[in-house]
Structures are given as C-alpha cells and as structure tokens.
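One structure is given below, encoded as structure tokens.
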Amino acid sequence: METVLGDLRFAARTLVRSPGFAIAAVATLGLGIGATTMVFSLVNAILLRPFPYAVPERLIQLTETDRSGQYESTSYPNFVDYRSGMNTLNGLGAYSNETLTLRGQGGAQRVEGSAISYNLFDILGIRPLIGRTFRADEDVPTAERVVLLGYGLWQNSFGGDRALVGGTLNVDGEPHVVIGVMPPDFSFPEQGQAWVPLRRDPTAERGLNYITAIGRLAPGAIVAQARTEAEAIRQRLSRDYTSGSDRVVRVGGLQETSVSEIKPVLLILLAAVGFVLLIACANVANLLLSRAASRDKEIAIRTALGAGRARLVRQLLTESVLLGLLGGALGVLLSSWWMDLMLASIPTPLPAWLKINIDRTVLLFTLAVAFVTALLFGLAPALQSIRTDVQATLKEGRGITGSFRKNRLRSALVVAQLALAVVLLTGGLLMVKSFLAMRQVNPGFRIENVVAVDLALPGQRYDSEASRLVFYDRLLEKAAAIPGVQQVGAISAVPIGGANNTSNFTVEGRSPSDPEAARNAFHTIVTPGYFETMGIPLVRGRYFRSTDLAGSERVAIVNQRVVDLFFEGEDPVGKRIAWGAGEGLEWMTIVGVTANVNQADINQKAVHPEIHQPLAQSARRSMSLMLRASGTLDQLRPALQREVQSLDPNIPLFNVQTMKQVVTQAVWDSRLYSSLFGAFAAAALLLAAVGLYGVIAYSVSQRTPEIGVRIALGAEPSLVTRMIVWQGIRLSALGVGLGLLGAVAMGQAMQGLLYGVQPIDPLTFVAVPLLLTGVATLASWIPARRVLRVDPITALRLE
Numbered sequence: 049m050e051t052v053l054g055d056l057r058f059a060a061r062t063l064v065r066s067p068g069f070a071i072a073a074v075a076t077l078g079l080g081i082g083a084t085t086m087v088f089s090l091v092n093a094i095l096l097r098p099f100p101y102a103v104p105e106r107l108i109q110l111t112e113t114d115r116s117g118q119y120e121s122t123s124y125p126n127f128v129d130y131r132s133g134m135n136t137l138n139g140l141g142a143y144s145n146e147t148l149t150l151r152g153q154g155g156a157q158r159v160e161g162s163a164i165s166y167n168l169f170d171i172l173g174i175r176p177l178i179g180r181t182f183r184a185d186e187d188v189p190t191a192e193r194v195v196l197l198g199y200g201l202w203q204n205s206f207g208g209d210r211a212l213v214g215g216t217l218n219v220d221g222e223p224h225v226v227i228g229v230m231p232p233d234f235s236f237p238e239q240g241q242a243w244v245p246l247r248r249d250p251t252a253e254r255g256l257n258y259i260t261a262i263g264r265l266a267p268g269a270i271v272a273q274a275r276t277e278a279e280a281i282r283q284r285l286s287r288d289y290t291s292g293s294d295r296v297v298r299v300g301g302l303q304e305t306s307v308s309e310i311k312p313v314l315l316i317l318l319a320a321v322g323f324v325l326l327i328a329c330a331n332v333a334n335l336l337l338s339r340a341a342s343r344d345k346e347i348a349i350r351t352a353l354g355a356g357r358a359r360l361v362r363q364l365l366t367e368s369v370l371l372g373l374l375g376g377a378l379g380v381l382l383s384s385w386w387m388d389l390m391l392a393s394i395p396t397p398l399p400a401w402l403k404i405n406i407d408r409t410v411l412l413f414t415l416a417v418a419f420v421t422a423l424l425f426g427l428a429p430a431l432q433s434i435r436t437d438v439q440a441t442l443k444e445g446r447g448i449t450g451s452f453r454k455n456r457l458r459s460a461l462v463v464a465q466l467a468l469a470v471v472l473l474t475g476g477l478l479m480v481k482s483f484l485a486m487r488q489v490n491p492g493f494r495i496e497n498v499v500a501v502d503l504a505l506p507g508q509r510y511d512s513e514a515s516r517l518v519f520y521d522r523l524l525e526k527a528a529a530i531p532g533v534q535q536v537g538a539i540s541a542v543p544i545g546g547a548n549n550t551s552n553f554t555v556e557g558r559s560p561s562d563p564e565a566a567r568n569a570f571h572t573i574v575t576p577g578y579f580e581t582m583g584i585p586l587v588r589g590r591y592f593r594s595t596d597l598a599g600s601e602r603v604a605i606v607n608q609r610v611v612d613l614f615f616e617g618e619d620p621v622g623k624r625i626a627w628g629a630g631e632g633l634e635w636m637t638i639v640g641v642t643a644n645v646n647q648a649d650i651n652q653k654a655v656h657p658e659i660h661q662p663l664a665q666s667a668r669r670s671m672s673l674m675l676r677a678s679g680t681l682d683q684l685r686p687a688l689q690r691e692v693q694s695l696d697p698n699i700p701l702f703n704v705q706t707m708k709q710v711v712t713q714a715v716w717d718s719r720l721y722s723s724l725f726g727a728f729a730a731a732a733l734l735l736a737a738v739g740l741y742g743v744i745a746y747s748v749s750q751r752t753p754e755i756g757v758r759i760a761l762g763a764e765p766s767l768v769t770r771m772i773v774w775q776g777i778r779l780s781a782l783g784v785g786l787g788l789l790g791a792v793a794m795g796q797a798m799q800g801l802l803y804g805v806q807p808i809d810p811l812t813f814v815a816v817p818l819l820l821t822g823v824a825t826l827a828s829w830i831p832a833r834r835v836l837r838v839d840p841i842t843a844l845r846l847e
C-alpha cells in the first residue's frame, strides 16, 4: 500500500510539472468518458433498470397487430377470451389510454389517465399509498363509478387532502368515489395520473381494437409457452369470428416489448460513443508516446540505477490510471451537464418511473471505464518506453533505439482514429440527412396557421349523440366568428399527434388486390369543413355536407390507399363499405376520395387505409377542433376558451397547440438522435485531426535537421511541403479505406432508423472521405509550414 501511495504521489508531481500535457490528456479523456457516461445513463435507465413492478421479469404484454405489424391493440371481447383461456398466466389485465376531465374547487382540468381492468394493479404488484384498488364487481357497466388518483395529482390539485379518499369527485361530468391514492413516482402507462375501471361490455364489437393486455406468468411457465397458447386462441377466434381474422397475436416480456423500438437506437448510440472513447484513448496514447520521447533519458537513468522493467511499467501505468481517474471525474461533470441539456430538449414529459440520472450503477460503470481506458492508452506507451537503449540514450542524450517503433505505433493509432472517425461521420451524416428528409415530408395537409384544440364532453348531459352534435355545431359556429379565424372543422384524432383507432372493415363484394394488405383502417370522425381547413385535396367525389345527417343515407369518405387496394382502375364513388365483417353490417356509401395523409406518424413508411365518417352520423364525445387563423396562439386561446365556457363551464381546453408544434413534437426523437450522432461525429473528426497533426508535427520535429540540410542544399520549399503533406495523406488514405468498410456495416445496422436515405448513400460515402482527406491535408500542412520558417542554420545545429 505504501508503494502504491508513493507511485501516486510521484505520478501527481510528474503531471504537475507538465501542466500542458496533463490538461490536454484529461480534457480529451473527459470528452470521451463524459459522452460514454451520458449514453450509458440512457441505456441503464431504459434497458437495464428493471421496471418498478413486483418481479417484472415475469410480466408479459399481449397485443394483436395487422399483417404489417403496426397498430398494436386488441378488442375487449378478444381480451376476455385470452383471459379465460390462457392457463400459463396467473392473471391477465388490460388498459386503455384515456384523458379524464376532473372538476374540483379550482375548476375543470384534463389529465392523462387510463381505464384499467380491476386486476391490473394486482398483476403489476402495485399497492396504493392510501385506500384500495378496484374490485371485480366495480369493473362492470352497471357498477358504482369509482376513481384512483396519482400521488402528484392528489398533491398538486387537491393539496394532499386525505379526507378526499372516500369522498366524491366529479370525473367526466359524473360523480365518482375516490377509493385510493397511488404511491409517489408511480404512473401508468407513461404519464397516467388517474384511473377508472374498464367497465367494457364483453359483447362489444370484436373489430374495434383499442386496449393492451398485461399478464403475469404462472410458476414454471415461460414466454414461449404463453405465446403458443395465445396463438391457439387467436386461430380459434379467426375460425369463429370473421371480424379480425387477419390479425396476428404478439406476446413478449413487458419490458422487452416496451423498449423494443428504442433498444436498437440506444445500442447503436452506445457503439458510436464507444468509438469516440477509443479515438480519445488513441489521442492520449499518442500524447504519452510524444512525452515518452522527452523522458527517454529519465527512464535510462532509472534503469541504469537498477530499476526493473516491471517497476517502471507499474509507475508509468500509475500515471495513466491517475489521468484516467481525472478524466473520469471530468466526464461525470460533463455528462451531467449534457444530460440536463438533452432532457430539456425533450418536449414530452417522461414517465414518472423513468429516472435518467447518474446513479451508483452509472458511477461504477464510469469508474470501470476510467480504469480500462487507462490501461488501454497507457500500456503500449509504457512498454515502448522501457525498450529504450540505455547506453545510446545516456551517450547521445536522446533515444535512438525504439524511435522507429514509436513512430510506427503512433501512425497505427492515427490510422485507427481516422477509420473510426469515418464510421462515425458516415453514421452522423446519414442521421442528419434522414432528419432533414423527414422535415421535408409533405404530410398531406397544410400545417401553416392551423391550431389544434382537444375537447371532451363529460357526463350524462352528453350521453346522446344528439346532445353532442348540438354542442359541436354551436361551438363550430362560435369559433368561426372569432376574429382572425378563417376556417374551422373538427376531427376525432389530430393527424400525427392524435390517438388513432383502427377497426376491421369490409368492402362490398371485393377483396384487396394485395392479399397481405391490412384489413384494418383508421376510423376517424370529421365535420364538414375539416378537409377544407386542413387543405387535404379531394381526389374525386365530394366532401361531407351539412345535409349528411343521422337520418339520411350513411356516407363515408376514404383515402386513396383504399382505392388502390380495392378499386384499382375504377371509380369508388357510390360503392359501399362497412365496419366489421360478416352478417348484419351497416353499409356506408362512399361519396368521396381524399389524398393520402400521414395520419399516424410524420415518417410513416407505409400508407394505411383511412375511412372517415361525418360527425352527424357518429357523434363522439372527444373531438379535436382545427382552426385556420391569423394571429398568435396566445391571442386565440382566451377567445376560444370564452366561447367554450359560454356553452359549458365544465369543459376545459387541453393540448392547445399549432400544427407546427405537433409536427415538431412528432420528430423530436429523430432530431435528438441526429444531434447526438452529429455531436459524436464532430468530436471524432476533431480528435482525429488533432491526432494526425500531433503525429506529423512530431515526425517533422524529428526530421528538422534533415529538412534543414535539404533546404541548405537548395531544395524548393514547395517540394518539402509536399513531402510532409504526402505523409499525412498516406495515413489518411489507409484510415479512410479501413473506415469505409466499417461505415458499410454501420449503415446497415442503422437501416431501421433512417428515413428517405439509403444505408449506403452515395453522396455520404463520397463526402466523408473527401472531408477526412481535406482535414488530413490541413493537419499536415500546418506543421510543414511551421518547419519551413525555421532558419536552416538553426536546424543544422540540432544535428
């Protein structure tokens, strides 16, 4: 222990005597370790940290999808069949995302919540902080209405009043008994802060898919067994019921399923930041090799005085470990700062249970990275240093033996840096191009000057379709009269940002041209004026009219995708379509066809069928008001609030935002990923350039006498410059060549993240080598110009 402390003290004194070297090395390591720590914090919080439920590895998620694997959900009757027929589970629960209107002393407010089955919290193993969870007899349509509150909602909106439990709270316009408060930091799903029983009718339509099921495996059962059992039930349902016969059941671990989309992104980011760390290590190794040249005499003297090679290597590695620890400490500070910036850029609230922070696991990881990197960048220079020819060094005053090996190692490190930089630059440029392509997507409607406002009609007052229609008709009339409003309409789900329902559908007498095509369509309800407000083109037929009423012929408007699947080369206007399948269908006459719209995602890779119905023939409680208006959002919001309050003071506005904000929010994750990749690529380019400059500058310093002789004998400065620059270009060409092979693999791995860009994009694969070659030329030209300024007489005196 005494020896170790002595080595640390000596290492500290040595670094203090070389502040420039120490600052450069610690800053370089801090950059690499900090970026690695930040990305690992994401990996730890999302992939490694178990979900905050009891024995989370025994939880499974069950959903159904269409043949394309999209729009995961199932119908309530199907859920009931899965629940009763799966013996591999110790219970199967379900939930449906809801937004609930709560009215207290502070007025009405809209909160994110869920309708859940009575047993779901028991399956998750979550107990309330106060009160109880739901009972089976409360999960039926005729039961007394009850509600559970989240801790944050209870504290912020009701002052943490314990007397509220057991009391009555107005939820969606109806009295609900508050039966409990859930624990702090619990939200389900995501930002859910209030829960009501699912209370669905088992005889409801099987084609209406809107719920997700979560179960707990029975002792001894595994996910594969549950998947096989669910598939057998799905096949039976397909035989017994025509509706939904083309659906596919999916069963997987809850955590694995929940993070399946983001997992590849995080792993690629972790690999990318690992490359940055390796480049940083190579840079520090080059710094150590340069420093070792000035310490050859010190090493030779210590060796001559009897110091063993193992002792010298240990001392040199101690210095490297100290640099690694200092770099790790700086990296923790940088990662904390970068993390705060990253989280501040995310426009949507994170789930309460998702804690992205630097915890003990992350600190241990950083400590391990600091030690490993210290060995990685310190071992080779240490071994090179002890190969110094003692006699020659003591005689000449500088090392001769081993200088070739050191230069060869330094060059190899630079080649590795450049190769890794090519991989990172290629990945970063692909992500940036993908994001820019996404920003240029035409979503199928005009977003300029359009404001979206969500509304929900609560309570028994709006139980009938007629009452809902009266409210929305009056609201549209009042909204159209607001100064600055040019057009107004409403839809059941905001394009891109809304919660879309999918349902099975049938086209009379026809089958799709593509047998694998989805037989599910987005089911949206719109008002006359909606398509005009959004600027959605009419391909043929007509828009909805005010005469499309409940008592008149049922009508529908479909998108071009439906026409392509079922009416290729024909006019669909006048043909009939219906929700569901089988007998007793309610047919709707197609009166119009609109252009395709990105209804679900701004970057959707496949167009999904859409069927629109007029509000007058299927009036919903929840709608989104769409207004095309001049002026700012702050000017429009209070005027619209006054009009809504004049109709019903119990109805709050929520999610008031421009469509530009909706689109921006829809691509925030792509923007974040591209910015991270871009930052890593820029860091790699900078570090690689510095590394190449260092190698060329060191080589030039060693060749200063030779260059002096050349110039003294009449060599043209331009020839000397080309000779030095060519050395850098050769190294860069080798690094770029190796890097392009890795870039191909990187592009293929990122294929699922890219939009509108091929994984092997010709422009990218040309631009990156040219950029690296240009940087290498500049990094070589600078030391060449510096040495040419040295007086040849001065250079010759160095010989």
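In the numbering used here, each residue carries its 1-based index in the sequence shown increased by 48. For every residue, glycine included, the Cβ atom is placed at its ideal position computed from N, Cα and C.
Asked: Helix, strand or coil: how does DSSP classify F234 here?; Found: coil
Asked: Which term fits L156, buried or exposed, when burial requires 16 or more other beta carbons within 10 angstroms of its beta carbon?; Found: Sequence inspection shows Ala at residue 156; the Leu mentioned does not correspond to that position. Burial call: buried.
Asked: In chain order, what residues of the same chain lie with their CB nearer than 8 Å to the CB of L819, ignoring the 5 residues before and after it?; Found: L473, L733
Asked: Short of 7 Å in beta carbon distance, which residues of its chain neighbour A827, apart from the five on each side in sequence? Order them along the chain.; Found: A737, L740, Y741, I744, G776
Asked: For R833, count neighbouring Cβ atoms within 10 angstroms of its own Cβ and tell me buried if that reaches 16, exposed if not.; Found: exposed
Asked: Tell me where the alpha helix (DSSP H) around V271 begins and ends.; Found: 271-288
Asked: Residues in the same chain with beta-carbon distance under 6 Å from G375, minus the five sequence neighbours each way, listed in chain order, please.; Found: V74, L77, G78, I81
Asked: Run through the DSSP bridge pairs and tell me what V244 is partnered with.; Found: A163
Asked: Please decide whether E367 counts as near chain C, where near means a Cβ-Cβ distance under 9 Å.; Found: Looking for chain C here will not work: only one protein chain is present.
Asked: Am I right that P700 and T149 are in contact with their C-beta atoms under 8 Å? What's the rounded C-beta distance?; Found: 6 Å
Asked: Express the C-alpha separation of A667 and H571 in angstroms, rounding to a whole number.; Found: 13 Å
Asked: Quick one: what's M671 bridged to in DSSP?; Found: L503
Asked: Pull up the distance between the alpha-carbon of I174 and that of A93, whole angstroms please.; Found: 20 Å
Asked: Please list the terminal residues of the continuous alpha helix (DSSP H) segment that includes V715.; Found: Counting along the chain, V715 falls outside any alpha helix (DSSP H), and DSSP gives it neither H nor E.
Asked: Can you list, in chain order, the residues of its chain whose CB lies under 6 Å from that of R97, leaving out five sequence neighbours each side?; Found: none
Asked: Rounded to a whole number of angstroms, what is the C-alpha to C-alpha distance between V850 and A328?; Found: The structure shown does not extend to residue 850, since the chain is modelled only from 49 through 847, so no value can be given for it.
Asked: Would you mind reading off the limits of the alpha helix (DSSP H) that contains E525?; Found: 513-528
Asked: For F452, which residues in the same chain have their Cβ closer than 7 Å to its Cβ, ignoring the five residues on either side in sequence?; Found: Residue confidence is low: F452 scores 43 on pLDDT, short of 50, so the model does not pin down where it sits. Its coordinate-derived value is still stated next. So no residue of the chain qualifies.
Asked: Just to confirm, are D249 and P189 a CB contact at a threshold of 9 Å?; Found: yes
Asked: With DSSP collapsed to three states, give me the class of E631.; Found: coil
Asked: Within 10 angstroms of its Cβ, does G68 collect 16 or more other Cβ (buried), or is it exposed?; Found: exposed
Asked: Which two residues bound the contiguous beta strand (DSSP E) that contains E601?; Found: No beta strand (DSSP E) contains E601, which DSSP labels as neither H nor E.
Asked: Which of the three DSSP states, helix, strand or coil, is assigned to S144?; Found: strand
Asked: Enumerate in chain order the residues of its own chain whose CB-to-CB distance from V64 is below 8 Å, with the five nearest sequence positions on each side excluded.; Found: A70
Asked: Can you round the beta-carbon distance between G895 and V470 to whole angstroms, since I take them to be within the 8 Å contact cut?; Found: In the structure as shown, the chain starts at 49 and stops at 847, and residue 895 therefore has no counterpart that could be examined.
Asked: Under a three-way DSSP split, which group does Q806 fall into?; Found: coil
Asked: Can the beta-carbon of I108 be found closer than 9 Å to that of R295?; Found: no
Asked: So if DSSP puts F702 in a beta bridge, which residue, or which two residues, is it bridged to?; Found: D502
Asked: For N497, I'd like the list of residues in its chain whose CB is within less than 7 Å of its CB, leaving aside the five on either flank, ordered along the chain.; Found: R676, A677, S678
Asked: Under 7 Å Cβ to Cβ from D220, same chain only, skipping five residues before and after it: list those, please.; Found: L148, T149, P506, G507
Asked: Counting along the chain, where does the alpha helix (DSSP H) carrying Q203 start and finish?; Found: 199-206
Asked: Between G214 and V195, is the Cβ-Cβ spacing less than 9 Å?; Found: no
Asked: Just the Cα atoms here: how many angstroms apart are E691 and E580?; Found: 22 Å
Asked: So if DSSP puts N552 in a beta bridge, which residue, or which two residues, is it bridged to?; Found: N568
Asked: Which residue wins for smallest C-alpha separation from D649, given the options M486, A416, L724, A529?; Found: M486
Asked: In the structure shown, what three-state DSSP assignment does L177 receive?; Found: coil
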